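In terms of the working numbering, the sequence shown opens at residue 28 and continues consecutively.
Ideal Cβ placement from N, Cα and C applies to all residues, glycine included.
Treat the numbers as computed from the prediction; the structure is a model and nothing was measured.
Below: one structure, written as structure tokens.
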Amino acid sequence: MNTNALKKFAQEARIKIVSQVAAKLDYVITTDSAVLREKVAQVKKLKAEIQKTSKEQVVDKVAYTWFNRLMALRFMDANDYQPIKIGVVTPKDGYTLPELLDEAKQGNIPDELPVDTKHIFELLDGTIRSSDVQNEAYKELLIGACNHLNTIFPFLFEKINDYAELLLPDDLTSEFSIVQDIRDGMSTDDCAEVEIIGWIYQFYISERKDEVFAAKGKVKKEDIPAATQLFTPRWIVEYMVQNTVGKLWLQNRPNSSLKDHMPYYIESPANENDDFLKIDSVEEITLLDQACGSGHILVYGFELLTKIYEEEGYSPSEIPQLIIEKNLYGFEIDERAAQLAGLALMMKAREYHKRVFRKELTPHILCYQDLKLTTDEIKEVFKNIDTKLSNELLQDLGNIQQATNLGSLIIPHSSTSFLEETLSTLIEKAQTSSDLFLKEKLQQLVIALRQLVSLSRKFYCVVANPPYMGGGKMNKKMADWVKTNYPISKTDLFCCFIERSINFIHNKGFNGLVTMESWMFLSSYEKFRKMLLQKTLIHSLSHFGWHVMRIAFGTVAFILELNDSKRREGVYSFMDYKNLSKEEKPLQFPPQNNRYNFISQREFLKIPGNPIAYWLSNCAFQAFTENPIIEELANPRQGLASSDVTRFIRFWSEISTLKFEANLSSRDESVIKGIKWVPHNKGGGIQKWYGNNYYVINWDNDGEEIIAKAKMLYGSPTRTIKNIKYYFKPSITWGMIGAGMFSCRLSRGGFIFDVAGPSAFCEGRYFEIIAGYLNSNVAYYFLNAINPTLNYNSGDLGRLPFKMPENKNKESIKSLVLDCEGISRKYFDTKSSLSWDYTRNELIEQKADTLEESYDSYQHYWKNKFFQLHKNEEELNKQFIDIYGLQDELTPDVPLEDITILKEETDIVNGELVFDAKEVLIQFISYAVGCMFGRYSLDKEGLILANQGETLEDYIEKVAKSEDKVSFLPDDDNIIPILDDEWFEDDIVGRFYEFLKVTFGESQFEKNLAFVEDCIGKDIRKFFVKDFYNDHIKRYKKRPIYWMFSSPKGAFNVLIYMHRYTPDTLNQILNGYLVEYREKLNTRMEHLDHLIESGSSSEQTKAAKEKDNLKAVLIELQEYEREVLYPLATERIVIDLDDGVLVNYNKFGNAIKLVKGLNDKKAKDKVMKFDWIDTTTIK
28 MNTNALKKFA QEARIKIVSQ VAAKLDYVIT TDSAVLREKV AQVKKLKAEI
78 QKTSKEQVVD KVAYTWFNRL MALRFMDAND YQPIKIGVVT PKDGYTLPEL
128 LDEAKQGNIP DELPVDTKHI FELLDGTIRS SDVQNEAYKE LLIGACNHLN
178 TIFPFLFEKI NDYAELLLPD DLTSEFSIVQ DIRDGMSTDD CAEVEIIGWI
228 YQFYISERKD EVFAAKGKVK KEDIPAATQL FTPRWIVEYM VQNTVGKLWL
278 QNRPNSSLKD HMPYYIESPA NENDDFLKID SVEEITLLDQ ACGSGHILVY
328 GFELLTKIYE EEGYSPSEIP QLIIEKNLYG FEIDERAAQL AGLALMMKAR
378 EYHKRVFRKE LTPHILCYQD LKLTTDEIKE VFKNIDTKLS NELLQDLGNI
428 QQATNLGSLI IPHSSTSFLE ETLSTLIEKA QTSSDLFLKE KLQQLVIALR
478 QLVSLSRKFY CVVANPPYMG GGKMNKKMAD WVKTNYPISK TDLFCCFIER
528 SINFIHNKGF NGLVTMESWM FLSSYEKFRK MLLQKTLIHS LSHFGWHVMR
578 IAFGTVAFIL ELNDSKRREG VYSFMDYKNL SKEEKPLQFP PQNNRYNFIS
628 QREFLKIPGN PIAYWLSNCA FQAFTENPII EELANPRQGL ASSDVTRFIR
678 FWSEISTLKF EANLSSRDES VIKGIKWVPH NKGGGIQKWY GNNYYVINWD
728 NDGEEIIAKA KMLYGSPTRT IKNIKYYFKP SITWGMIGAG MFSCRLSRGG
778 FIFDVAGPSA FCEGRYFEII AGYLNSNVAY YFLNAINPTL NYNSGDLGRL
828 PFKMPENKNK ESIKSLVLDC EGISRKYFDT KSSLSWDYTR NELIEQKADT
878 LEESYDSYQH YWKNKFFQLH KNEEELNKQF IDIYGLQDEL TPDVPLEDIT
928 ILKEETDIVN GELVFDAKEV LIQFISYAVG CMFGRYSLDK EGLILANQGE
978 TLEDYIEKVA KSEDKVSFLP DDDNIIPILD DEWFEDDIVG RFYEFLKVTF
1028 GESQFEKNLA FVEDCIGKDI RKFFVKDFYN DHIKRYKKRP IYWMFSSPKG
1078 AFNVLIYMHR YTPDTLNQIL NGYLVEYREK LNTRMEHLDH LIESGSSSEQ
1128 TKAAKEKDNL KAVLIELQEY EREVLYPLAT ERIVIDLDDG VLVNYNKFGN
1178 AIKLVKGLND KKAKDKVMKF DWIDTTTIK
């Protein structure tokens, strides 16, 4: 089965049929025709339904109704299942029209069809005139065929006499019709498998599912089906059914040959004892899918039960009826899915027995319906019929008012016997009542009671792939109800369904479920896990990696028995996508890899939080039982949430250093010194030992603004401003959002930590040892057990077992950690865009006679550092592996790719560290530009000009040298042109030449320049004009400190340093550069005119071409000056570095270079919503 082709077909078919039904609806409600006047009742009903719901909902329902019917008809045609023995939508071989229509044209209409035969024949022979004879005749035949099938499939083919008939598309017979699409999309080969029904349904709603989840906010009740439907791979269904229904049968018939038909059956590790659910007959087995969708699980249940019936000697003629009447049950909130589930079961029954359609079977598929009566109306009905209405029943009926929202989660408070007795009473009263209004209400209550009776039942086996929906997506009624009724599983809908499935089964009955993996590990499911481990026995659990179920997250399939006996072990395994064949079936099941394990679930209770860490060894479990946890030695804590990142958090490079202090020891010190911006640990990417110090947070006057914001939003700041007593203290910090490998860093104090950068605080004597442990593969091994997801919160780290090393190891570990920290810090501080402790470029630091020799020295130095760090990390792993006795589980090896320095400067190629000369030289160029603006200096290490409005005079003062003694003088007016040639003395290329001569000598200039250009792969001017600014934007994460003012097509570009910007800067750009540049180009134009008049033929041609280009450039510059730059220059725009680059950059409109994510429309719209700035200054 080509599922990709099916997906394309289903999605395109949905678009077409919805469009056609919508067009037909518009025609019906706006047109007054003779035909429609004959159908007044249907039109009236249609308009009433639109009024009650909406046009969109009516169109959607009618479209899927007809799609489901046509799909069912095509499936029956393809398998020769049609009761009338004629293809309803499919032509005979060699023909193009549906066989039913072809036969009618030949005078043959099956007697069974409830149609006006005379009218159809008169249409076809021309007696009755029609503009579209074939479509009109076929429409009547199609409706007749559907009505005939009502007796066999009443759940799908309801009698068509309402507005659904009116909205049937007009074109049903052409090559472009929806009927033709369905024939083409459902090949005869595909229709050999009943699973096609489920696949098509999932694909039919897939785009709507994407729309629902892409939308912000809660999922509406009517959108829950689209949001939660997920088709389960066949082999996973087999695993669940074989290990529930199959296991129950084998417990009762241990000599059965059924096992031969169950490839995914898992034997229990120990022999089964007599403690199992006893059954006498296969007819007793009940299998429920509590969220059955299109019936995929029930269809396989039918197949396996057939094998059991056959083994027991039942005749083929009675097996399908017995299975449908006695064994299989499905509950569903979505009407269209429920219809298809019933259809799929009937098709499976027909596959087994040709005459099954004669038995008038109706599968037990319960489609939930909301009770429309109010509480007062319910009370009034029971009063009128003199029947007791208990408080429990009233509560139950209240829940049925939300049946399509809550579905199978509803657990009746009333007993089954009471509900059945009440149902009988209501049916009797409804049949005998002469009061039409009361009768209608009684009928509604009968439907509600039938649902409650079904919900109150117990089943032998429950198998399901329950819906997934986090609490944040639940609509308010659902969320409130779930919090009350499922307090320990409320985090996600699927978890509520696991709890409900346990409630559905008999004692010692089985659950087979496939869900997201999150319940196994996350702290929010801890109480749920404990309940599960105490109330049920996990027989087997198969943990799946990403994409095993065609979805981009981990999942798990497992078998539970409602049995509090923990004497037996379960079978646990892990399957990755690579363990599947091309057909996406297991190559081996269960995969016997390093996670395959027989283990008692009692072991999980030994781990804090009780994660289902099934792969751990005995030594690992002992580590948890015999040692303290990190939380007892350190204090892992969650940080603050600013409530407004764009207002309160900056990259440190955006602000004035006068308002910043990196080494504060306390909150009091920050107030005394009047510091506004302080370092902020905010997580970041994978980085061990030191680094990720990018951010600062506004903590002015002890956080006055940020605390006030929290109070305004939440009434109290403690909801978001957490663990304030730990601010500025030394800590071990990490990113809450991981990307595979866990990494932590030593923070020596002075930081406030963020919710995304949890931190652990401990005494100095343990500080380095705990940090070394957390960065070892031993801690990661345990962390994966506690929470193998990509989120590392403070609670997870706190639960790690910590075995204190012996004294002989302590000093060794501390020394190794300090060396790792030192190397990582040294590397981080070489990055000008990252570190406030940056001193100078590494090629200057490793300076030799030439730039190339300096690069060689740089490579040698950092290669040694890299491998020293690698050696240290492997030694730390070795020591901690020995300490915990995990030699059989782990090796000390560290892949070179996991070393977290030199990530931008190197690649690992065939196990070798290969440096990227281009990256290293671009860092050198970036440093040169910093020196051109005075941010850095060749005469003094570190930041020089990094405060708002600083000037050349400030630079002279800070480097403590007279102007004539300065090695490389910054640009005096803070404006550096980047043009196609050297039009100005302070042209950026000329300045770079000067920088290169000063740093490495004039005698080696040509050689050094050639080396630069060879490394970056182009001429230096081309690099500055085409690449430099884009690189700067990327390097500074779209918060550039150097800004490019640029004409629309880039003919004019100048660079400024934002910290030196003044209200006069634009005027200087205008008059000192743009106007002058224009004048120089005009002079060039005069020269070109002279060449055109008096030059040689080749000179004339070349000059004419250049002149045309210059004309376009001059027009561009004139418009840029007149319409953009001049108006802005007159405004004398003021910026405030405290507002950040995002705000300040957007004050310059079209004068400044467009950067996606910084000053494009989306970013500008975002800025315009800031309530803490004057938005009138945004251009």
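Secondary structure of residue i, DSSP reduced to three states
i                  : result
asparagine 725     : strand
methionine 1213    : In this structure the chain extends from 28 to 1206, so residue 1213 is not present and cannot be described.
tyrosine 146       : The displayed chain sequence assigns histidine, not tyrosine, to residue 146. Correct three-state label for histidine 146: helix.
alanine 1078       : coil
lysine 1132        : helix
tyrosine 27        : It is not possible to answer for residue 27, since the shown part of the chain is limited to 28 through 1206.
methionine 1085    : helix
proline 828        : strand
phenylalanine 1050 : helix
arginine 772       : strand
methionine 501     : strand
tyrosine 228       : helix
phenylalanine 303  : coil
glycine 912        : coil
tyrosine 513       : coil
threonine 452      : helix
threonine 1110     : helix
Close Cβ partners of residue i (< 7 Å) along its chain, the five nearest in sequence each way excluded
i             : result
glycine 597   : Ile565, His566, Ser567, Leu568, Ile626 and Gln628
lysine 1034   : Thr877
threonine 554 : In the sequence as presented, threonine is not what sits at residue 554; that position holds lysine. Answer for lysine 554: Ile515, listed in chain order.
Separation of residue j from residue i, as counted between CA atoms
i                 : j              : result
threonine 1207    : isoleucine 209 : Residue coverage of the chain in this structure runs from 28 to 1206, which leaves residue 1207 outside it and unanswerable.
asparagine 725    : valine 541     : 46 Å
isoleucine 682    : glycine 1176   : 22 Å
arginine 772      : glycine 791    : 15 Å
threonine 389     : arginine 477   : 15 Å
glutamate 838     : lysine 898     : 17 Å
phenylalanine 882 : glutamine 950  : The question names phenylalanine, but residue 882 in the sequence shown is tyrosine. The alpha-carbon atoms of tyrosine 882 and glutamine 950 are separated by roughly 12 Å.
leucine 63        : lysine 43      : 24 Å
tryptophan 93     : lysine 79      : 21 Å
alanine 49        : tryptophan 573 : 39 Å
Close beta carbons around residue i, own chain, < 8 Å, minus the five adjacent residues each side
i             : result
threonine 414 : Thr449, Thr452, Leu453 and Lys456
leucine 1152  : Phe1072, Leu1093, Ile1096, Leu1097, Leu1101 and Ala1178
lysine 468    : Leu400, Glu404 and Val408
glutamine 471 : Leu398, Lys399 and Leu400
Sheet register partners of residue i (DSSP bridge)
i             : result
alanine 661   : Cys789
threonine 582 : Met543 and Phe571
aspartate 781 : Leu667
tryptophan 14 : As shown, the chain starts at 28 and ends at 1206. That puts residue 14 outside it, with no answer to give.
histidine 356 : According to the sequence provided, residue 356 is tyrosine. The question's histidine does not apply to it. BP columns for tyrosine 356 point to Leu315 and His391.
valine 1182   : The partner list for valine 1182 (beta bridge, DSSP) is empty, contrary to what the question assumes.
glutamate 939 : Val936
Same chain, Cβ closer than 6 Å to residue i, five either side skipped, listed in chain order
i              : result
isoleucine 306 : Asn279
threonine 1204 : Lys1174
lysine 34      : Phe230
valine 1182    : Ile1060
Practice prompt. Output the residue ranges of the beta strand (DSSP E) runs that lie fully inside the segment 673-757 and measure 3 residues or longer, sorted by chain position.
Written response: Fully enclosed beta strand (DSSP E) runs of 3 or longer: 676-678, 704-708 and 722-725.
Worksheet entry | Whole alpha helix (DSSP H) elements within the segment 973-1005, 4-residue minimum | 979-986
Practice prompt. Enumerate, from N- to C-terminal direction, the unbroken beta strand (DSSP E) stretches of 3 or more residues contained entirely within the segment 589-639.
Written response: 597-602 and 624-626
Item to complete: Kindly provide the ranges of any alpha helix (DSSP H) runs that are 4 or more residues long and lie completely inside the segment 1006-1051, ordered along the chain.
Response: 1015-1027 and 1032-1043
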